[in-house]
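Trainee: Chain order of the listed sequences is A and B.
Numbering of the first sequence is given in numbering that gives the first Met the number 0, commencing with residue 0 and proceeding in unit increments.
Numbering of the second sequence is given in numbering that gives the first Met the number 0, commencing with residue 0 and proceeding in unit increments.
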Amino acid sequence: MTAANPTLDALRDDGGVPLRTRLRRAERSRKLRYAALILPLALFVLVVFVWPIASLLARSVDNPELRDNLPLTLAALERWPDEGLPDAAVFDTFARELEAARGSPAIAAIARRLNREHTGLRSLVMKTARKLPLADGADARAELPAIDAQWGETETWRTIRRAGSPLTAFYLLSAVDLTTDASGDIVSLPDGEAIYLDVLVRTLVMSLVVTALCLLLGFPLAYLMATLPVRQSNLLMILVLLPFWTSVLVRVAAWIVLLQNGGLVNQALMALGLTDAPVQLLFNSIGVYVAMTHILLPFVVLPLYSVMKGISPAYMRAAVSLGCPPWRSFWKVYFPQTLPGIGAGALLVFIMSMGYYITPALLGGPQEQMISYFIAFYTNQTINWGMAAALSAVLLAATLVLYMFYSRYFGPTRTGQLQPR
Amino acid sequence: MLQPYASPLERAGHYALRTVVALTLLFLVLPILVIVPLSFNADSFLMYPMSGLSLRWYEEIFASPAWRQALMNSIIVSPLATVLAMVLGTLAAIGLVRTDFPGKALLTAVLISPMVVPVVIVGVAMYIFFAPLGLTGSYTGLVIAHAVLGVPFVITTVAATLQGFDFNLVRAAGSLGAGPLTTFFRVTLPQVAPGVIAGGLFAFATSFDEVVVTLFLASPEQATLPRQMFAGIRENISPAIAAVATILIILSTLMLLVLEALRRRNERLRGIKPT
């Protein structure tokens with residue numbers, strides 16, 4: 000719209016409002032009406048998707064054990080100057096709260112939480128709880144150190160105060176095999192306890208291998224589809240789309256049939272004389288790689304195909320006619336133009352592989368379980384939601400960073416991409 | 000195409016490419032070709048050679064309460080989730096295409112994100128969130144979860160269809176006296192219907208094949224077909240699995256055909272020559 004235009008301003012309705020203002024109002028209300036159409040879905044996704052995930056992630060730093068079970072002790076410790084021993088009020092409150100927690104799951108939670116901060120505190124808490132309650136009118140500040148000398152140490156109370164802070168970095172640090180030592184510095188876990196970095200590296204390596212396999216098989220396929228006459232390339236497309244639309248579980252079952260010890264692949268290998276005894280192809284990395292490549296191959300073929308379809312054959316002809324040998328022309332002229340398709344397909348497959356759960360769970364051995372398996376394990380088997388949340392945070396962060404990269408460089412999400420499994 | 004004057008090296012490349020592609024296609028289709036005949040196996044091994052043909056495994060799954068229940072659950076959950084995703088997703092897609100506001104890109108990314116976030120995270124998060132609300136082990140919880148997972152497909156396909164939609168038609172309808180609802184049902188919807196149906200098919204396929212979130216949310220009474228298959232593969236793999244797989248393959252072929260018909264119709268309407 001132009002600024003002051005006397006002719007336009009002269010156009011007014013019966014109430015004397017300039018038509019231009021009327022138009023602007025109408026446009027605004029139209030936009031508001033359309034924006035209102037987004038509202039139901041936005042609320043729906045916010046409530047049942049974003050909010051649950053946010054509260055899951057919050058659990059990775061949540062530190063509820065002492066806050067819930069020793070609230071008054073923690074409040075009383077606030078006033079303690081961090082030197083010497085706390086005053087009698089703190090000891091009294093602590094003795095009362097510990098007594099109240101006795102015989103319930105709360106005492107185990109307190110003991111476990113303190114033990115995580117300083118090994119040995121579990122038995123101290125349990126032993127002390129057994130000696131409670133103190134005699135009427137007894138001085139807790141004198142009695143507790145009598146039960147165990149550790150109650151007379153400044154360090155014990157510092158530990159309680161530290162373990163009572165509202166947030167903890169423990170789970171997130173554990174998820175990358177780090178921990179804090181007694182002085183609060185971040186240190187690596189000893190070799191025997193460190194597992195998650197291995198799992199993370201394994202997840203990334205497996206995703207990388209699957210991505211490479213998909214590119215290796217997908218590139219020639221997409222290339223031939225893009226160069227064949229339409230009728231034939233449509234047939235090829237159907238052969239790509241049929242497995243794409245088939246249930247993932249159907250395909251996993253089919254691979255079990257094919258790869259089992261008496262399966263067709265082993266029968267073929269033995270008939271060809273390549274092996275005398277059946278080769279173990281299931282419940283190890285071979286089965287997982289084969290099935291994941293099978294499931295994810297279409298996701299690299301489809302974007303590659305659409306990019307290759309847009310490359311004019313004239314470039315190659317021009318290069319060849321100018322004396323460049325065919326292979327060199329392909330490498331120097333054609334291949335660089337397919338890079339956006341390669342990037343899009345590879346990134347998509349990599350992102351999806353990282354979250355895989357079902358395929359490794361059904362076809363892999365313990366050595367092939369990826370990070371998703373451990374998230375499910377901590378949720379269902381050991382009910383350690385803090386750890387499940389921390390591992391989720393790591394996986395989600397990796398996924399989102401790669402996805403932002405993907406949507407930044409390879410445009411809006413295409414249709415026809417099914418959920419990772 | 001191979002030219003008559005091609006060098007031996009080019010010929011070799013030509014045939015090598017075709018061999019590699021043929022093997023890749025075999026790799027893609029083989030699992031489907033292999034599992035279908037086994038569903039007619041007369042004995043109880045999922046293995047070749049087959050001893051004879053029979054329909055006993057189909058009889059078995061249709062007689063088994065667990066499989067019947069699973070089929071029923073899938074038939075209840077997936078269409079409901081699909082309808083929910085289609086309604087919410089179509090409205091939102093129209094809104095997103097027609098307005099501009101600060102943060103629209105972010106909002107779009109959030110609405111699309113169920114397609115990207117690893118399903119295990121979705122499953123765990125919903126499980127922990129739904130449990131205190133009594134939504135775990137309920138059809139409601141499962142329908143909600145599947146609908147969220149299907150929404151991104153509806154948004155993206157409908158938004159893509161709207162790229163070719165002339166919104167002056169909506170103005171024309173309005174100027175001719177049609178109310179917003181009439182305009183929507185008689186002008187907008189018929190035009191974007193292929194996108195809505197295609198998005199709905201994707202949403203349906205997502206829900207009908209969903210197993211991870213279902214593992215977390217569903218109690219045994221809500222076990223869907225994929226959930227039952229997961230248990231079957233894990234515990235007792237028999238030709239009954241192949242029979243269910245065959246039924247699912249037929250279903251996915253049907254969906255593929257419908258999508259292909261929609262694509263052709265769309266191209267015809269846009270004036271692209273049929274291929």
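Backbone N, C-alpha and C define an ideal beta-carbon position, used for all residues, glycine too.
Remember, it's a predicted structure, so these values are computed and weren't measured experimentally.
Once DSSP output is grouped into helix, strand and coil, what is the label at A:I468?
Mentor: The shown model of chain A, from 0 to 420, leaves out residue 468 of chain A, and the question about it has no answer.
Trainee: Strictly under 8 angstroms for the Cβ-Cβ distance: is B:P117 near chain A by that measure?
Mentor: Cβ-Cβ to chain A under 8 angstroms: yes for B:P117.
Trainee: Where does B:N40 sit, in a helix, a strand or coil, going by DSSP?
Mentor: It is a strand residue.
Trainee: Verify the CB distance criterion: does B:P273 have a CB-CB separation below 8 angstroms to chain A?
Mentor: Confidence in B:P273 is poor, its pLDDT being 44 and thus under 50, which makes the residue's placement too unreliable to answer from.
Trainee: So is A:F218 buried or exposed if we call it buried at 16+ other beta carbons inside 10 Å?
Mentor: By the 10 Å Cβ count, A:F218 comes out buried.
Trainee: Taking all protein chains shown into account, decide if A:E96 is buried (16 or more other Cβ within 10 angstroms of its Cβ) or exposed.
Mentor: Buried.
Trainee: Assuming the contact rule is C-beta atoms closer than 8 angstroms, A:A168 and A:Y195 should be a hit. Round their C-beta distance to whole Å, please.
Mentor: Not quite, the Cβ-Cβ distance comes to about 14 angstroms (not below 8 angstroms), so this is no contact.
Trainee: Could you check what DSSP says for A:L166 in three-state terms: helix, strand or coil?
Mentor: Reduced to three states, the DSSP call for A:L166 is strand.
Trainee: Listing by chain order, which chain A residues have their CB less than 9 angstroms from the CB of B:R264?
Mentor: Near B:R264 there are no residues of chain A at all, since even the closest Cβ is about 16 angstroms away, more than 9 angstroms.
Trainee: With a Cβ-Cβ cutoff of 8 angstroms, do B:T245 and B:V35 count as a contact?
Mentor: Cβ atoms of B:T245 and B:V35: closer than 8 angstroms.
Trainee: Is there a Cβ from chain B that is less than 8 angstroms from the Cβ of A:K30?
Mentor: With 8 angstroms as the cut-off, A:K30 counts as an interface residue toward chain B.
Trainee: Report the three-state DSSP secondary structure of A:L273 (helix, strand or coil).
Mentor: It is coil, neither helix nor strand.
Trainee: Measuring straight from C-alpha to C-alpha, what distance separates B:P179 and A:I370?
Mentor: Going from the Cα of B:P179 to the Cα of A:I370 covers about 49 angstroms.
Trainee: Any beta carbon of chain B sitting closer than 8 angstroms to that of A:R250?
Mentor: Judged by the 8 angstroms Cβ criterion, A:R250 is in contact with chain B.
Trainee: What would DSSP say about A:D61, mapped onto helix, strand or coil?
Mentor: Three-state DSSP puts A:D61 in a strand.
Trainee: Residues in its own chain within less than 7 angstroms of A:D180 by CB, not counting five upstream and five downstream?
Mentor: Within the same chain, A:D180 has close Cβ partners V186.
Trainee: Whose CA, out of B:S77, B:R17, B:Q162, B:P189, lies closest to the CA of B:G199?
Mentor: B:G199 has its Cα closest to that of B:S77, out of B:S77, B:R17, B:Q162, B:P189.
Trainee: Just to confirm the assignment, what range does the beta strand (DSSP E) spanning B:T81 have?
Mentor: First-last for B:T81: 64-97, but that is the alpha helix (DSSP H), not the beta strand (DSSP E).
Trainee: Could you tell me which chain B residues have their CB closer than 8 angstroms to the CB of A:H117, listed as they occur along the chain?
Mentor: In chain order: nothing, as chain B lies at least about 29 angstroms away.
Trainee: By DSSP, does B:H145 sit in helix, in strand, or in coil?
Mentor: Three-state DSSP puts B:H145 in a helix.
Trainee: If we count Cβ pairs, one from each stretch, closer than 8 angstroms, do we get three or more for the region 212-228 of chain B versus the region 7-26 of chain B?
Mentor: The region 212-228 of chain B vs the region 7-26 of chain B: no contact.
Trainee: My output table needs one value for B:R170: the three-state DSSP class, helix, strand or coil.
Mentor: In the structure shown, B:R170 sits in a helix (DSSP, three-state: H, G or I).
Trainee: Closer than 8 angstroms between beta carbons: that is the criterion. Which residues of the region 48-61 of chain B meet it against chain A?
Mentor: Of all residues in the region 48-61 of chain B, none has a Cβ within less than 8 angstroms of some Cβ in chain A.
Trainee: Within the same chain, show all residues whose beta-carbon is closer than 6 angstroms to that of A:Y314, passing over the 5 residues directly before and after it, in chain order.
Mentor: Closer than 6 angstroms at Cβ, skipping near neighbours: V332.
Trainee: What whole-angstrom Cβ distance do A:V289 and A:L258 have, given they're in contact under 8 angstroms?
Mentor: Yes, A:V289 and A:L258 are in contact; Cβ-Cβ is about 7 angstroms, under 8 angstroms.
Trainee: Please check the pair A:A343 and A:F282, which I expect to be a contact at CB under 8 angstroms, by giving their CB distance rounded to whole angstroms.
Mentor: In fact, because the Cβ distance is near 33 angstroms, the residues do not count as touching under 8 angstroms.
Trainee: Using the DSSP secondary-structure output, state which residues sit across from A:R66 in a beta bridge.
Mentor: Note: A:R66 sits in no beta bridge, so no partner.
Trainee: Count the other C-beta atoms from every protein chain shown that fall within 10 angstroms of the C-beta of B:F128, then say buried if there are 16 or more, exposed otherwise.
Mentor: Buried is the call here.
Trainee: Throw me the rounded Cβ distance for the B:V123 and A:S391 pair, which I believe falls under 8 angstroms.
Mentor: Sure, about 6 angstroms apart at Cβ, within 8 angstroms.
Trainee: What residues in the region 374-387 of chain A bring their beta carbon closer than 9 angstroms to a beta carbon of chain B?
Mentor: Result list: I374, A375, Y377, T378, N379, W384, A387.
Trainee: Would you kindly work out how many angstroms separate the C-alpha atoms of A:R115 and A:L248, rounded to a whole number?
Mentor: Cα to Cα, the separation comes out at about 41 angstroms.
Trainee: Tell me where the beta strand (DSSP E) around A:L177 begins and ends.
Mentor: Counting along the chain, the beta strand (DSSP E) containing A:L177 begins and ends at 177-179.
Trainee: In whole angstroms, give me the CA-to-CA distance for A:P325 and B:L25.
Mentor: Cα-Cα distance, rounded: 28 angstroms.
Trainee: In three-state DSSP terms, what is A:L280?
Mentor: Coil.
Trainee: Within its chain, find whatever has a CB closer than 8 angstroms to the CB of B:A241; leave out the 5 residues flanking it on each side and keep chain order.
Mentor: Answer for B:A241: I34, V35, L37, S38, N40, L45, W56, listed in chain order.
Trainee: Tell me, please, which residues DSSP counts as bridged to B:L52.
Mentor: B:L52 pairs with B:N40.
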